[in-house]
Every structure is written in structure tokens, then in C-alpha cells.
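Q: Handing you a structure now.
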Amino acid sequence: MDARLNYFADPTAAKALRHLMTAGRTVQESSLPATTQQLVALRVSQINGCAVCVDKHTKEAAAAGETAVRLHLVAVWREAGVFTEAERAALELAEQGTRVADAGEGVSDEVWTRAAVHYDQEQLTALVFLVAFMNTANRLNIIARQPAGDYAVAQAH
223 MDARLNYFAD PTAAKALRHL MTAGRTVQES SLPATTQQLV ALRVSQINGC
273 AVCVDKHTKE AAAAGETAVR LHLVAVWREA GVFTEAERAA LELAEQGTRV
323 ADAGEGVSDE VWTRAAVHYD QEQLTALVFL VAFMNTANRL NIIARQPAGD
373 YAVAQAH
């Protein structure tokens, strides 16, 4: 499969992506734990069916020391006992924040409260921005049909 668009060859897209990637780096540099960030990025990408992002975040998480068992179980995290309560709260918030069209209220108060038990204001902000960022990245990749499978760890987009 070939991509429909080469975002980096188009001046408008390249300029917009520079800003988007700066926002992504800001979230990445936040105090939200890196493990949580990778799990959330992977789960959002799984929900949206973004193959290139699933490829990237699976490989990045593995390179950072994440176990194969946990990576394989992200899609079914509710039934898996390998995630901390904090990670479970982040994954639940990420799912509701991604499936806003499926759930009339978006992120419920109960889900928000569970996340707030584990994360401070800065981390919650980073988590919300991460969910929004990943949904944006997923959509850009899905619309342009970016191919998956050849991502190399630490590869720039």
C-alpha cells in the first residue's frame, strides 16, 4: 500500500506538522510517566485502527523496556491483571476520550475522578493532550493511508 499523501513534501502540511510535533514533544517531556504515555498512545491507536501508530508505539514501548505480555494485553486491559491502577485509570480515560462519538457524555465524572486519584493537574493535562494528539495523528495517518510495518525505533516522523 502506498500513502495517498506525503505530508513532508507539501509545504503547508510540513509547516502544520512541525507545530503538531512540537506539541507532541511537550507532552512527551511532561511528568506523565513515559510508560503510561506509550500504553495510552498504543490503546488510542488500536481503537482508531491506525496501523502505523500501533507499529510505532509498540516498538517504542518495547525498546523502552515494556514487556511483550503487557503490550499484547493493552487491547484487553480490563481483563488483564498486569496493569497498575494508575495505568488502568489512564487507559479508561483514553478510551472514553477517543470514543466521544460513541458515548454521549464523553469522559464521565467517574472516569475523571479515578484518573485524578493517580495523576496531578499537570499529568492530567498531559494525559488529555496526549489523547487529543494521538487522535489527531491517527486521523492524519488513516486518511492518507500511511503504510505500517517499517517503523524504526526513534525514527522521526
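Take any residue in the sequence shown, count from 1 to its spot, add 222: that is its number in the numbering used here. Note that CB positions come from ideal geometry on N, CA and C, so glycine has one too.
Less than 9 angstroms between the C-beta atoms of VAL262 and LEU362, yes or no?
A: no
Q: Classify LEU227: buried if its beta carbon has 16 or more other beta carbons within 10 angstroms, exposed otherwise.
A: exposed
Q: If we ignore side chains and look at the alpha-carbon of each, how far apart do LYS237 and PRO369 end up?
A: 22 angstroms
Q: Near GLN345, which residues of its chain fall below 6 angstroms by C-beta distance, leaving aside the five closest residues on each side in sequence?
A: SER253 and LEU254
Q: Which residue spans inside the segment 279-303 form an unbroken alpha helix (DSSP H) run of at least 4?
A: 290-295
Q: Please name the residue, chosen from THR280, LEU313, ALA231 and ALA235, that lies closest to TRP334 on a Cα-to-Cα basis.
A: LEU313
Q: For TYR373, which option in LEU295, ALA284, THR248 and THR258 has the closest C-alpha, if you only look at C-alpha atoms?
A: ALA284
Q: By Cβ distance below 7 angstroms, which residues in the same chain neighbour ASN360 in space, the five residues on each side in sequence not counted?
A: Taking ASN360 as the centre and dropping the five residues before and after it, the same chain places the C-beta of VAL266, SER267, ASN270, CYS272 and CYS275 closer than 7 angstroms to its C-beta, in chain order.
Q: Drop a sphere of 10 angstroms on the beta-carbon of HIS294, count the other beta-carbons inside from all chains shown, and report buried for 16 or more, exposed for fewer.
A: exposed
Q: In the DSSP assignment, find the alpha helix (DSSP H) that holds GLU307 and state where it starts and stops.
A: 307-320
Q: With H, G and I counted as helix, E and B as strand and the rest as coil, what does DSSP make of PRO233?
A: Assignment of PRO233 by DSSP, reduced to helix, strand and coil, places it in the helix class.
Q: Which same chain residues end up closer than 7 angstroms to LYS281 when comparing Cβ atoms and leaving out the 5 residues on each side of it in sequence?
A: TYR373 and VAL375
Q: Would you please state the rounded distance, in angstroms, between the beta carbons of VAL329 and LEU315? I believe it to be under 8 angstroms.
A: 6 angstroms
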